[in-house]
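Visitor: Just add 485 to wherever you are in the sequence shown, counting from 1, and you've got the numbering used here. By construction, the Cβ of each residue, glycine as well, lies at the ideal position given by its N, Cα and C atoms. Just passing along the structure, written as structure tokens.
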Amino acid sequence: MNIPSKQTVEDISPGQVQLHIAVGDNEFAAKLQSQIQVIIADLVKDDIFCPPLRLIEVVSNFEEEVFRWQRELGKPENISSGHGGEVSGKVLKWGSGDYETTYAVIILPDWVGNGLVLGHPIAKGILVHECAHVYDDYYFERECGCLRIPTIKDWDGIKQYISVTLRGEFFAEALAAKYFESEQLDERLSYGEEVLRICTNSIKDEIKSYRKHGDIAKLWLISTERMSTLFNQLGRTLGFMYAMDDGRHNREFTDRVSQISNEWGTLIDQLLEEIQKSIHRETPYSLDAFDDIKKIIEQGFQIAGIYPRYTSDGELYIDVP
486 MNIPSKQTVE
496 DISPGQVQLH
506 IAVGDNEFAA
516 KLQSQIQVII
526 ADLVKDDIFC
536 PPLRLIEVVS
546 NFEEEVFRWQ
556 RELGKPENIS
566 SGHGGEVSGK
576 VLKWGSGDYE
586 TTYAVIILPD
596 WVGNGLVLGH
606 PIAKGILVHE
616 CAHVYDDYYF
626 ERECGCLRIP
636 TIKDWDGIKQ
646 YISVTLRGEF
656 FAEALAAKYF
666 ESEQLDERLS
676 YGEEVLRICT
686 NSIKDEIKSY
696 RKHGDIAKLW
706 LISTERMSTL
716 FNQLGRTLGF
726 MYAMDDGRHN
736 REFTDRVSQI
746 SNEWGTLIDQ
756 LLEEIQKSIH
766 RETPYSLDAF
776 DDIKKIIEQG
786 FQIAGIYPRY
796 TSDGELYIDV
806 P
């Protein structure tokens, strides 16, 4: 395949996945193709594969390739980092939401391709994680419409957005966990604890700054960014733990988080329970499936010291007791 484009992807039939491997020699490309095909076959067997996925790319110029696609699709040029701050993959999707006219591309950096050829569990897990996002996003958008990025004044929209992305990270990491090794769980727990500590401390610092300078807009903007980061990482950590654990590490993680705050320890137990209920509902892809998760997100903001509410005339008011 030549350099792929929006049109070449739209020409691929639903259910078919083509590969664009722009790293290594022919032997390397053949080995990588074989590894990816095995993983795709496993996903099909588990009923996780879905038609929007048309193309998987493995490239050496990862950021440049992602930005090229984003420009062609008219999307903002943006790449968010994952575990440990390293960018491990990117899903780009577009279309109408229908079976035949929804399209998704997964772009992977060359180091993930090298890991797949060598059979490294982390590389396999990364590919499965990205495929799970394609599946989860497709069925959510088919039932609920496109997930809207809320404005900074839309508190209900912010809770909805965080709850959907949080559960999506849980779902993706729970599926990817079967390809990881059990000793990697401790690393995941430590990183989840670290993100929680960093984000809550950052909000505490902003609250102190607010009390001195009174910039509530800045406090609210930073608080929503930090809480989104925090809950997304909790989704990944809890998903990984849920898939691989016998319960011991669940207690350990809660105990470790309780050292930061007893309230956060309790909240994480509740969050894990509500995510599982949401996923196992008869209608997991409905907006009301996220209602109880949204309540926990609001509690998280309150534990961090931020109390958003609407006034009687519908204006958002941020209370910082």
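Assuming residue 598 is part of the beta strand (DSSP E), what are its boundary residues?
Guide: Secondary structure note for residue 598: it is in no beta strand (DSSP E), and the uninterrupted alpha helix (DSSP H) holding it is 595-603.
Visitor: Note the first and the last residue of the continuous alpha helix (DSSP H) segment covering residue 765.
Guide: Unbroken run through residue 765: none, as it is neither H nor E.
Visitor: What first and last residue would you give for the beta strand (DSSP E) that runs through residue 804?
Guide: 801-804
Visitor: Assuming residue 657 and residue 605 form a contact by the criterion Cβ under 8 Å, report the distance between their Cβ atoms to the nearest whole angstrom.
Guide: Not quite, the Cβ-Cβ distance comes to about 18 Å (not below 8 Å), so this is no contact.
Visitor: Which term fits residue 631, buried or exposed, when burial requires 16 or more other beta carbons within 10 angstroms of its beta carbon?
Guide: exposed
Visitor: Just to confirm before moving on: does the CB-CB distance between residue 645 and residue 779 stay below 8 Å?
Guide: yes
Visitor: Could you tell me the boundaries of the beta strand (DSSP E) in which residue 807 lies?
Guide: Nothing in the structure corresponds to residue 807, since the chain is present only between 486 and 806.
Visitor: Using the C-alpha atoms, what's the distance from residue 738 back to residue 674?
Guide: 6 Å
Visitor: So is residue 799 buried or exposed if we call it buried at 16+ other beta carbons inside 10 Å?
Guide: exposed
Visitor: Would you kindly work out how many angstroms separate the C-alpha atoms of residue 498 and residue 536, rounded to a whole number?
Guide: 9 Å
Visitor: At which residues does the alpha helix (DSSP H) containing residue 632 begin and terminate?
Guide: First-last for residue 632: undefined, no H or E at that position.
Visitor: Does the structure place the segment 575-595 close enough to the segment 540-553 that three or more beta carbon pairs sit under 8 Å?
Guide: Contact between the segment 540-553 and the segment 575-595 is present: three or more C-beta pairs spanning the two stretches fall below 8 Å.
Visitor: Going by DSSP in three states, residue 664 sits in which element: helix, strand or coil?
Guide: helix
Visitor: Among 586, 804, 728, 788, whose alpha-carbon lies nearest the alpha-carbon of residue 757?
Guide: 728
Visitor: Report the rounded CA-to-CA distance for residue 686 versus residue 554, giving the unit in angstroms.
Guide: 36 Å
Visitor: At what residues does the alpha helix (DSSP H) containing residue 782 begin and finish?
Guide: 776-788
Visitor: Residue 577 bridges to which residues according to DSSP?
Guide: 590
Visitor: As a quick exercise: from 551, 583, 562, 559, pick the residue whose alpha carbon is nearest that of residue 809.
Guide: The question about residue 809 has no answer here: the residues shown for the chain are numbered 486 through 806.
Visitor: Evaluate residue 706 with the Cβ neighbour count: other Cβ atoms within 10 Å of its Cβ, from every protein chain shown; 16 or more gives buried, anything less gives exposed.
Guide: exposed
Visitor: Per DSSP, what kind of secondary structure is residue 561 in: helix, strand or coil?
Guide: coil
Visitor: Apart from the five residues just before and just after residue 721, which ones in its own chain have a Cβ nearer than 6 Å to its Cβ?
Guide: The residues are 654, 658.
Visitor: Let me make sure I understand the geometry here. Which of 648, 702, 487 has the alpha-carbon closest to that of residue 505?
Guide: 487
Visitor: Assign residue 618 to one of two classes, buried (16 or more other C-beta atoms within 10 Å of its C-beta) or exposed (fewer than that).
Guide: buried
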